[in-house]
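Following full-length UniProt numbering, the numbering of the sequence shown begins with 1 at its first residue and continues without gaps.
Positions of the beta carbon are idealized from the N, C-alpha and C atoms, including for glycine.
None of these values were measured; they are calculated from a predicted model.
Written out below as structure tokens is the structure these notes cover.
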Amino acid sequence: IVVVGAGVIGLSCALRLAEDGYDITVIATQYPTDPLSINYTSSWAGAHFRPFPSKEESDLREASYTRATQAYMTDLAQTSPESSVVITQGEDWLETPDQYYKELAHNFGHDLPNFEVLDKQVVKSNFPSNVNWVCRYTTWCLNAPLYIQYLARRLQMNYHAKFIVHTLKSLSEVDDLVPVNAGIINCSGTGLQLSGQYDPKCFPIRGQTLLVRPPKGKLHPYSRKTITHQAANGLWTFVIPRPLDGGYIIGGTKQPGDMLPTPREKDTRELMARAYTLYPELADENGNYDVIRVNVGRRPAREGGSRVELEHYGGNNDKWVVHAYGLGGMGFETSRGVADHVAKLV
């Protein structure tokens, strides 16, 4: 089987199918150990799981992917420390929760370990003044660059997968590069098609985050906690630890269709200001952050949510491709669930 794309979705699908006994060849422009690139978004990710109330049909589907991934990550945290996955506490801080949050719509958090909504008085006494709703739950986070390297290493060492560096002009080109193949798994992110066109529903969401180093010798509450704050104006501000001494991700922006490939200074200033209000322990005594890097990545999203489905092609419809793309900023938290779905379709 040929897997197109070596982001977290592609590598997760490749590993899942290798575990089922298939010989795997991966074709991709970029791999986990290559220099950073805005279009190879997996290396930039904060990479944690937080639940969300399902409002669309695609939300329900993707929520099921997150639960399968949660079970897988929980096992990895216990059995494979080299994966960088750790179990941690998650918190959501909302200033103006909508009815979906208030009503815990569509099994929002009931099936998560240690899920609870905090009492209003507890929130008022212990959280920033504008926060009106808080939930807690057990979740996971990981060091994104180390995790995708871990997946690639397992594929290579345990399953002898082949890796081809190539930029495809169409999915049908796979049959020229690997003439003998059972089928294709399309994890191209951008929705490359057999014709060479791209799925018109796909679009990028620009994300800018900060990778920061905490003050030396200063105790802070975030080493085993990931927090996501939503302000009344809709802006999200999160802090996610990168295990194995990888620093902390502070984010972020969600800018659909914004193609600026470099950091925007205005975004950086606003991120720092919001973060200092919410997470001051990560700054020094002068209120400054030790910024290791400003991250900019393009999350590969799709109108209507992800596409995970089987397509037959060829003169006798005897060839097939399973599409698995369009997860946007949810690649890590849906990765194993998508891979399980792909394995069923194969």
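Asked                                                                                                                 : Found
Per-residue DSSP class, three states only, for A144                                                                   : helix
Exposure of P113, with buried meaning 16 or more beta-carbon neighbours within 10 Å                                   : exposed
For L194 and D318, the rounded distance between their alpha carbons                                                   : 14 Å
Rounded C-alpha distance that separates R264 from G329                                                                : 19 Å
Cβ contact check for the region 127-140 and the region 221-238: 3 or more pairs under 8 Å                             : yes
Bounding residues of the beta strand (DSSP E) (the contiguous stretch that carries Y248)                              : Y248 to G251
Start and end residues, beta strand (DSSP E) containing K319                                                          : K319 to Y325
Burial state of Q197 (16 or more Cβ within 10 Å)                                                                      : exposed
Beta-carbon proximity list for P261, same chain, < 7 Å, skipping 5 on both sides                                      : I38 and V296
Beta carbon of A18 nearer than 8 Å to that of L155                                                                    : yes
Classification of G256 by the beta-carbon crowding that lies within 10 angstroms, buried from 16 upward               : Reading the sequence as shown, one finds Pro at residue 256 and not Gly. Burial call: exposed.
Member of E56, S306 and T237 whose CA lies at the smallest distance from the CA of T277                               : T237
Residues of its chain near P214, where Cβ-Cβ distance is below 7 Å and the 5 sequence neighbours each way are ignored : H220, Y248 and L282
Limits of the unbroken beta strand (DSSP E) element including H312                                                    : R307 to Y313
Bounding residues of the alpha helix (DSSP H) (the contiguous stretch that carries I9)                                : V8 to E19
Which residues DSSP lists as bridging R154, in chain order                                                            : According to DSSP, R154 bridges with nothing at all.
Best match in Y137, S83 and A77 for proximity to F108 [C-alpha to C-alpha]                                            : Y137
Closest by C-alpha distance to L345, when choosing among T69, E309 and N181                                           : E309
Minimum length 3: unbroken beta strand (DSSP E) runs contained in the region 212-292                                  : 225-230, 236-241 and 248-251
Whole-angstrom distance between Q78 and E285, CA atom to CA atom                                                      : 37 Å
Check whether L11 and I148 have beta carbons under 8 Å apart                                                          : yes
Integer-rounded CB distance, given that S306 should sit under 8 Å from S54                                            : Not quite, the Cβ-Cβ distance comes to about 14 Å (not below 8 Å), so this is no contact.
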